[in-house]
Amino acid sequence: MDPAGRTVTAAELAALVRSAQRGDRMAAQGLLDLLAPYVGRLCGPIALQDGPDATQEALIVIFRSIGQLREPAALFGWARVIAVREAVRIARAAARVVPDPLEDVPARDDPQLAADVRDVLERLSPAHRAVLVLRDLEGLDEHSVSALLGVPEPTVRTRLFRARRNFRKAWER
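Numbering (our numbering), first residue to last: 9 to 181.
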């Protein structure tokens with residue numbers, strides 16, 4: 009089963025990737041159908057309201073670079089690297105407005121409870137959102153997160169600690 013939830017054998021995936029690399033539009037569409045939900049699930053929590061834009065940008069990069077993928081079995085890991093990079097890039101570019109301090113997050117009993125999680129995530133930096141998504145939603149280990157984000161493992165641990173602490177602090181108010 010692929011990360012998007014569809015059942016695809018390794019042989020089918022390899023054939024699809026190889027066909028797409030040769031320019032087969034139907035194979036490319038099949039890959040898009042497999043990758044779009046997965047990439048969207050990664051980009052959304054990192055880029056927030058710009059998640060659809062980040063997803064689109066990541067998919068463009070993926071399909072422009074598909075010829076560079078040497079091992080079809082690595083498709084989803086390779087796509088994850090691109091998706092996270094693009095989501096962080098888009099989120100940083102969208103940081104036009106300075107977020108409110110974390111202390112201003114509504115309390116739990118506030119009528120906007122449904123928006124609290126998103127509100128708290130919006131107040132975290134893109135780097136902190138990326139670490140939270142990769143560790144807590146994707147379940148990657150610190151070494152993998154370090155490699156994906158291109159930062160040392162101690163930096164990943166520090167960012168994760170701070171992101172969780174800030175999220176928890178804001179959530180418990």
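All C-beta atoms in this analysis are idealised placements derived from N, C-alpha and C, irrespective of residue type, glycine included.
With DSSP run on the structure shown, which of helix, strand or coil describes residue i?
i    : result
G158 : coil
E130 : helix
R30  : coil
V16  : coil
G75  : helix
L43  : helix
Quick check: what's the CA-CA separation for residue i versus residue j?
i    : j    : result
P162 : T63  : 28 Å
R131 : R167 : 14 Å
D32  : R173 : 48 Å
L110 : R97  : Unreliable positioning characterises L110 in this predicted model, as indicated by a pLDDT of 47, which lies under 50. The coordinate reading is nonetheless provided below. Straight-line Cα distance between these residues: approximately 22 Å.
D61  : V69  : 12 Å
E180 : Q76  : 46 Å
S133 : Y46  : 22 Å
H136 : L56  : 13 Å
Output yes or no for whether 8 Å exceeds the beta carbon distance between residue i and residue j.
i    : j    : result
V6   : A82  : Nothing about residue 6 can be reported from this structure: the residues present for the chain run from 9 to 181 only.
C51  : A102 : no
A171 : I54  : no
R143 : V153 : yes
A19  : S27  : no
L140 : F175 : yes
E150 : R165 : yes
So, for residue i: in the same chain, excluding its five sequence neighbours on each side, which residues have a beta-carbon less than 8 Å away from its beta-carbon?
i   : result
L40 : L67, F71
So, at 6 Å on beta carbons, what are the nonlocal neighbours of residue i in its own chain, with the 5 sequence-adjacent residues on each side left out?
i    : result
L156 : V89, V92
G48  : T63
W86  : L77
L148 : L142
A44  : none
Would you please state the rounded distance, in angstroms, between the beta carbons of residue i and residue j? I believe it to be under 8 Å.
i   : j   : result
A99 : D58 : 6 Å
V16 : P80 : Incorrect: roughly 11 Å between the Cβ atoms, too far for contact.
Q29 : I74 : 6 Å
Give every residue of the same chain whose Cβ lies closer than 7 Å to the Cβ of residue i, excluding the five residues on either side of it in the sequence, and list them in chain order.
i    : result
V105 : Caution applies to V105, whose pLDDT of 47 falls short of 50 and renders its modelled position unreliable; the model cannot decide the point.
E65  : E94, I98
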